[in-house]
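Residue numbering for the sequence shown follows my numbering, beginning at 7 and increasing consecutively.
Positions of the beta carbon are idealized from the N, C-alpha and C atoms, including for glycine.
What follows is a set of notes on a single structure, which appears directly below.
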Amino acid sequence: MVARIDYAALFAATPSPYLVLGPDLVIVDVNDAYLRATGRTRQDLVGTYIFEAFPDNPADPYADGVRNLSASLHRVLATRARDTMALQQYDIPVVDRPGAFEERWWSPVNTPVVAPDGAVVWIIHRVEDVTEFVRSRRSRRGTAHEQRPVPGSGAGPERPGEPREPEEWEVLEAELYGRAKELQSLNEELRLAHARERQVAVTLQEAMLSSPDLVRHPDIAVRYLPAVGSLNVCGDWYDVVDLPDGCFAVAVGDVVGHGLAAAAVMGMLRSALSAVTRTVEEPAQALEVLCRYALCVEGALTTTAVNAVIHTGERVISYSSAGHPPPVLLHADGTCELLDRATDPPLGAHVEHVSRTEARLPYTVGDTLVLYSDGLIERRGEDIDVGLRQLCDALSRSVRLGPERLADALLARLGVSGGARDDIALIAVRLDERAPATGR
Numbered sequence: 007m008v009a010r011i012d013y014a015a016l017f018a019a020t021p022s023p024y025l026v027l028g029p030d031l032v033i034v035d036v037n038d039a040y041l042r043a044t045g046r047t048r049q050d051l052v053g054t055y056i057f058e059a060f061p062d063n064p065a066d067p068y069a070d071g072v073r074n075l076s077a078s079l080h081r082v083l084a085t086r087a088r089d090t091m092a093l094q095q096y097d098i099p100v101v102d103r104p105g106a107f108e109e110r111w112w113s114p115v116n117t118p119v120v121a122p123d124g125a126v127v128w129i130i131h132r133v134e135d136v137t138e139f140v141r142s143r144r145s146r147r148g149t150a151h152e153q154r155p156v157p158g159s160g161a162g163p164e165r166p167g168e169p170r171e172p173e174e175w176e177v178l179e180a181e182l183y184g185r186a187k188e189l190q191s192l193n194e195e196l197r198l199a200h201a202r203e204r205q206v207a208v209t210l211q212e213a214m215l216s217s218p219d220l221v222r223h224p225d226i227a228v229r230y231l232p233a234v235g236s237l238n239v240c241g242d243w244y245d246v247v248d249l250p251d252g253c254f255a256v257a258v259g260d261v262v263g264h265g266l267a268a269a270a271v272m273g274m275l276r277s278a279l280s281a282v283t284r285t286v287e288e289p290a291q292a293l294e295v296l297c298r299y300a301l302c303v304e305g306a307l308t309t310t311a312v313n314a315v316i317h318t319g320e321r322v323i324s325y326s327s328a329g330h331p332p333p334v335l336l337h338a339d340g341t342c343e344l345l346d347r348a349t350d351p352p353l354g355a356h357v358e359h360v361s362r363t364e365a366r367l368p369y370t371v372g373d374t375l376v377l378y379s380d381g382l383i384e385r386r387g388e389d390i391d392v393g394l395r396q397l398c399d400a401l402s403r404s405v406r407l408g409p410e411r412l413a414d415a416l417l418a419r420l421g422v423s424g425g426a427r428d429d430i431a432l433i434a435v436r437l438d439e440r441a442p443a444t445g446r
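Listed below in structure tokens is the structure:
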């Protein structure tokens, strides 16, 4: 039988100094080693904003500890990745001497604790106090300059200005210091390059997901969340297309893979479906044409998509799916209906032409139609039916919300507000009596 581990006791006993911060940078816990290193008590620190507990030394015009630590902590919050800082001088207040500060040197590492939805819930701030090392280094350096004899002369102390051979420890320290500064500079360059690459990717994705007709639909909410850890681009898409007589179409698709390659394929397929939806009568026909096109696009095979047309005059939804998870029609009474009666294989599953099925169902004014990609409901080790039940339960509990608030509540209830392992595209359509402007 495996004994239960008391993690609180382990944290308290850990010999390295540890501090736990919330995302607001307020101290939520501290271990005994940290209290010993700083001469503080738990009551002094817990519940205090870290830079109120440890401000810069006002007597040091070059103090940059607050600035450097703040930048590191905010990088952790933004990137959800561990950040190792260079050696820092960060003087701390002397407890029994108000206004006095003690010189201290630290080697800090900041590590995020990430929730299932991808949000940073805590930051673990670990430090090593290297003050004695820095002071002894200074002491050795001063002694060497004053006492070091000229190598090989047998004479006494070296004369001013006379060159001397550096000791082995001096060479090693200089080398380590130079490498640390080089690494810090390289890390900063990498961060800037990643930021530029990410901005390019975001701009590309926004351009490819642009839907001019969407602005005419105040009762449609869309959400796009790339997989956690990606460049903020993905192979999922959504689209809204206005049709004659006040009708309109909505679609969601999912290209296999993540990143720029999947996003490029997504852009081609999304544009093709948007164009063909404006020229054919029904969603099944549009998917048939898209399937033929997908056979010519590298990386497009096994893409899934669902296409639905809302016939506002008849209050009917016609839909067709190419291997995609079923849309959900949320009725005003909180019940949910899966649109799963017209599902065929993904795009490119058949080389030859195969007609696709289509189904129709009525809706009532006030109902909400929800289309999504599988990242919303699929979880590793769980059957997809479990995800569908959770989706319907979350929708039923949000039935009184408008599309925008419903979309946010849905992501929160399913634990994916900050992203998931897979990409997520989502459309929530409140079906009402207002007809959008026609456009084809």
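task = Please name the residue or residues paired with ALA434 in a DSSP beta bridge.
result = Taking the sequence shown and counting its residues from 1, one reaches residue 434 at position 428. ALA434 is bridged to ALA227 and VAL376.
query = Do you know offhand how far LEU275's Cα is from ALA415's?
reply = For the purposes of this step, residue 275 is identified with residue 269 of the sequence shown, where counting begins at 1. For the purposes of this step, residue 415 is identified with residue 409 of the sequence shown, where counting begins at 1. In this structure, the CA atom of LEU275 is about 29 Å from the CA atom of ALA415.
task = For the beta strand (DSSP E) containing GLY71, list its first residue and its last residue.
result = What you label residue 71 is simply residue 65 of the sequence shown in a count that begins at 1. Note, GLY71: premise wrong, no beta strand (DSSP E); alpha helix (DSSP H) at 71-85.
request  = Just the C-alpha distance for GLN95 and PRO61, rounded to the nearest angstrom, thanks.
outcome  = What you label residue 95 is simply residue 89 of the sequence shown in a count that begins at 1. What you label residue 61 is simply residue 55 of the sequence shown in a count that begins at 1. Those two C-alpha atoms are separated by around 12 Å.
task = Have a look at LEU249 and LEU335 and give me their C-alpha separation to the nearest angstrom.
result = As a working note, residue 249 is residue 243 in the sequence shown. As a working note, residue 335 is residue 329 in the sequence shown. Roughly 21 Å separates the two Cα atoms.
8 Å Cβ cutoff met for VAL72 and GLY53 = As a first step, residue 72 is located in the sequence shown; it is residue number 66 there, counting from the start. As a first step, residue 53 is located in the sequence shown; it is residue number 47 there, counting from the start. Their beta carbons are not under 8 Å apart, which means VAL72 does not touch GLY53 by this criterion.
message = Please return the same chain residues whose Cβ sits closer than 6 Å to the Cβ of GLU410, not counting the five positions on each side in sequence.
response = In the sequence shown, the residue the question calls residue 410 occupies position 404. Around GLU410: ALA227.
ask   = With distances taken from CA atoms, which of PRO368, SER327 and ILE129 is nearest VAL119?
value = In the sequence shown, the residue the question calls residue 119 occupies position 113. Considering only alpha carbons, the answer is ILE129.
message = Quick check for students: name the residue ranges of the beta strand (DSSP E) that lie wholly in the stretch 239-281, counting only runs of 3 or more.
response = Within the stretch 239-281, the runs of beta strand (DSSP E) at least 3 residues long that lie entirely inside it are, in chain order, 240-248 and 254-264.
task = Would you kindly work out how many angstroms separate the C-alpha atoms of ARG170 and ALA18, rounded to a whole number?
result = As a first step, residue 170 is located in the sequence shown; it is residue number 164 there, counting from the start. As a first step, residue 18 is located in the sequence shown; it is residue number 12 there, counting from the start. Because the pLDDT at ARG170 is just 47, under 50, the model does not fix this residue reliably, and the point stays unresolved.
message = Along the chain, where does the alpha helix (DSSP H) containing SER402 start, and where does it finish?
response = For the purposes of this step, residue 402 is taken as the residue at position 396 of the sequence shown. Unbroken alpha helix (DSSP H) run through SER402: 390-403.
ask   = In or out: TYR369 buried (at least 16 other Cβ within 10 Å) or exposed?
value = Here residue 369 refers to the residue found at position 363 of the sequence shown. When all chains shown are included, TYR369 counts as buried.
task = Could you check what DSSP says for ALA106 in three-state terms: helix, strand or coil?
result = Stepping through the sequence shown from its first residue, residue 106 is reached at position 100. DSSP places ALA106 in coil when its eight states are reduced to three.
request  = Count the CB pairs spanning the stretch 283-295 and the stretch 338-346 that are closer than 8 Å, and state whether there are at least three.
outcome  = Not touching, per the Cβ criterion.
query = Rounded to a whole number of angstroms, what is the C-alpha to C-alpha distance between ILE56 and GLU109?
reply = For this step, residue 56 is matched to residue 50 along the sequence shown. For this step, residue 109 is matched to residue 103 along the sequence shown. Spanning the two alpha carbons is a distance of roughly 18 Å.
message = When you compare the CB positions of SER78 and ASN116, do they come within less than 8 Å of one another, or not?
response = Residue mapping note: residue 78 aligns to position 72 of the sequence shown, counting from 1. Residue mapping note: residue 116 aligns to position 110 of the sequence shown, counting from 1. Yes. Within cutoff.
message = Just verifying my parser: in three-state terms, what is the DSSP assignment at CYS297?
response = Sequence index remark: in the sequence shown, residue 297 carries index 291 (1-based). Helix.
task = Report yes if the CB atom of GLY305 is closer than 8 Å to the CB atom of VAL271, and no otherwise.
result = Numbered from its first residue, the sequence shown carries residue 305 at position 299. Numbered from its first residue, the sequence shown carries residue 271 at position 265. Yes, the pair counts as a contact, with Cβ atoms nearer than the cut-off.
key: ILE383 - DSSP class collapsed to helix/strand/coil   = One-based indexing of the sequence shown puts residue 383 at position 377. The answer is coil: DSSP assigns ILE383 none of H, G, I, E or B.
inquiry  = Please state whether the Cβ-Cβ distance between ASP428 and ALA233 is less than 8 Å.
reply    = Translated into the one-based positions of the sequence shown, residue 428 becomes position 422. Translated into the one-based positions of the sequence shown, residue 233 becomes position 227. It is a contact, given that the beta carbons lie within the stated cut-off.
message = Rounded to the nearest angstrom, what separates THR20 and GLY273 at their Cα positions?
response = The residue labelled residue 20 in the question sits at position 14 within the sequence shown. The residue labelled residue 273 in the question sits at position 267 within the sequence shown. Rounded to the nearest angstrom, the two C-alpha atoms are 51 Å apart.
key: Best match in PHE139, SER379, ARG42 and THR85 for proximity to ILE98 [C-alpha to C-alpha]   = For the purposes of this step, residue 98 is identified with residue 92 of the sequence shown, where counting begins at 1. If we check each option's Cα against that of ILE98, ARG42 comes out closest.
message = Please state the DSSP three-state secondary structure of PRO118.
response = On the sequence shown, position 112 is the one that residue 118 refers to. Strand.
task = Give the DSSP bridge partners of ILE98, in chain order.
result = Your numbering for residue 98 matches position 92 in the sequence shown. According to DSSP, ILE98 bridges with GLU108.
ask   = When you compare only the Cα positions, how much space is there between ALA300 and CYS253?
value = Residue numbering aside, residue 300 sits at position 294 when the sequence shown is read from its first letter. Residue numbering aside, residue 253 sits at position 247 when the sequence shown is read from its first letter. CA-CA distance, ALA300 to CYS253, rounds to 26 Å.
query = Can you tell me the Cα-Cα spacing of GLU152 and TYR40, whole angstroms?
reply = For the purposes of this step, residue 152 is identified with residue 146 of the sequence shown, where counting begins at 1. For the purposes of this step, residue 40 is identified with residue 34 of the sequence shown, where counting begins at 1. For GLU152, the predicted structure reports a pLDDT of 45, less than 50, and the residue's modelled location is therefore unreliable. A value from the coordinates is still provided. Distance between the alpha carbons of GLU152 and TYR40 is about 37 Å.
ask   = Between CYS398 and the rest of its own chain, which residues show a CB-CB distance below 6 Å, the 5 nearest in sequence each way excluded?
value = Counting from one through the sequence shown, the residue named residue 398 turns up at place 392. Excluding the 5 residues flanking it on each side, CYS398 has same chain C-beta neighbours closer than 6 Å at CYS342, in chain order.
inquiry  = Rounded to whole angstroms, what is the Cα-Cα separation between VAL136 and GLY45?
reply    = Here residue 136 refers to the residue found at position 130 when the sequence shown is read from its first residue. Here residue 45 refers to the residue found at position 39 when the sequence shown is read from its first residue. Distance between the alpha carbons of VAL136 and GLY45 is about 16 Å.
key: Beta-carbon proximity check, TYR325 vs PRO352, cutoff 8 Å   = On the sequence shown, position 319 is the one that residue 325 refers to. On the sequence shown, position 346 is the one that residue 352 refers to. Taking 8 Å as the cut-off, the Cβ atoms of TYR325 and PRO352 do not count as close.
ask   = To which residues does DSSP link ALA306 through a beta bridge?
value = As a working mapping, residue 306 is identified with position 300 in the sequence shown. Under the DSSP definition of a beta bridge, ALA306 lacks any partner.
ask   = the ligand PLP heavy atoms versus the CB of ILE130: any closer than 7 Å?
value = Although the ligand PLP was asked about, the structure shown includes no ligands whatsoever.
request  = For PRO218, name the three-state secondary structure that DSSP assigns.
outcome  = The residue you call residue 218 lines up with position 212 of the sequence shown. The answer is helix: DSSP assigns PRO218 an H, G or I state.
query = Do you know how far the Cα of ARG86 is from the Cα of LEU3?
reply = With the chain running from 7 to 446 in the structure shown, residue 3 is simply not present.
ask   = Would the beta-carbon of ALA431 fall within 8 Å of that of SER379?
value = Residue 431 sits at position 425 when you count from the first residue of the sequence shown. Residue 379 sits at position 373 when you count from the first residue of the sequence shown. Result yes, Cβ atoms of ALA431 and SER379 sit closer than 8 Å.
key: Nearest residue (CA-CA) to ARG386, options PRO122, PHE107, ALA65 and GLN49   = Here the question's residue 386 lines up with position 380 in the sequence shown. Per the C-alpha coordinates, the member of PRO122, PHE107, ALA65 and GLN49 positioned closest to ARG386 is PRO122.
query = Taking the beta strand (DSSP E) that ASP35 falls in, what are its first and last residues?
reply = Sequence index remark: in the sequence shown, residue 35 carries index 29 (1-based). Where ASP35 is concerned, the enclosing beta strand (DSSP E) stretches over 33-36.
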